[in-house]
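Quick notes on the structure that follows.
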């Protein structure tokens, strides 16, 4: 599976939007873009996924570049509970995930 | 909401001993996974399991490791002879269908400490 690049850490003020970027320049045409997050002392949890079109769900939005070489996870209003490590993962099958180091998001009250 | 459970939450064992980590996936799920996370490091894929056999495994998953679904509910990871470097959080995950659009549900993890 292709590699992803994310900033090591980001900060956001509570109640403000957060844009978490991910670069995946070697993405293949059949790779899905998955986002998971890991809250402190917990297992990873699903956030959102997409293939080509932008996606919205109750947790977040996913904006995918037209060439699919990058994507951005958008948390519309960050809360303290959103403080976590966010992982951007590419997978054709969705059956084994190779996690990178992710982005550690700090939410400032 | 259904969830993946894992037992024990913390296991301490001596080097060379065998350990079995247990997971109860979500009841109607068909795909099962084990991952591990050494303290302060990234989550690493170990193995995926479907239809009572291993479908994918990583380089980490060597002959010391085995997985089993002994009955209709449990999914286990066995480490035959533990080493100090096996100390890590072990996460079980399950998925309902094989399509990439289905999410994996992760359990809370078992912390394995090898002394």
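Residue numbers (my numbering), protein chains in the order written: chain V, 325 to 433; chain S, 19 to 133.
In this text, a Cβ means the ideal position worked out from N, Cα and C, and glycines have one as well.
DSSP, read as helix, strand or coil, puts residue 405(V) in helix. Assignment of residue 103(S) by DSSP, reduced to helix, strand and coil, places it in the helix class. Among the residues facing chain S, residue 415(V) is included, as its CB has a counterpart in that chain under 7 Å away. A straight line joining the alpha-carbon of residue 377(V) with that of residue 99(S) spans about 47 Å.
With the rule of 3 Cβ pairs closer than 8 Å, the segment 330 to 342 of chain V counts as touching the segment 395 to 404 of chain V. For residue 420(V), the nearest beta carbon of chain S is closer than 7 Å to its own beta carbon. Measuring C-alpha to C-alpha distances from residue 57(S) to each of 133(S), 104(S), 119(S) identifies 104(S) as the nearest. Taken in chain order, the complete beta strand (DSSP E) segments of 3 residues or longer contained in the segment 61 to 98 of chain S are 61 to 68, 71 to 75, 83 to 86, 93 to 97.
By the rule that beta-carbons nearer than 7 Å mark a contact, residue 43(S) does not touch chain V. Per DSSP, reduced to three states, the secondary structure at residue 334(V) is strand. For residue 411(V), the pairing in a beta bridge is given by DSSP as 360(V).
Residue pairing by DSSP puts residue 55(S) in a beta bridge opposite 61(S), 107(S). Put simply, the backbone Cα of residue 416(V) is about 6 Å away from that of residue 354(V). Ranked by how close their Cα comes to the Cα of residue 61(S), the residues 114(S), 120(S), 117(S), 51(S) have 51(S) in first place.
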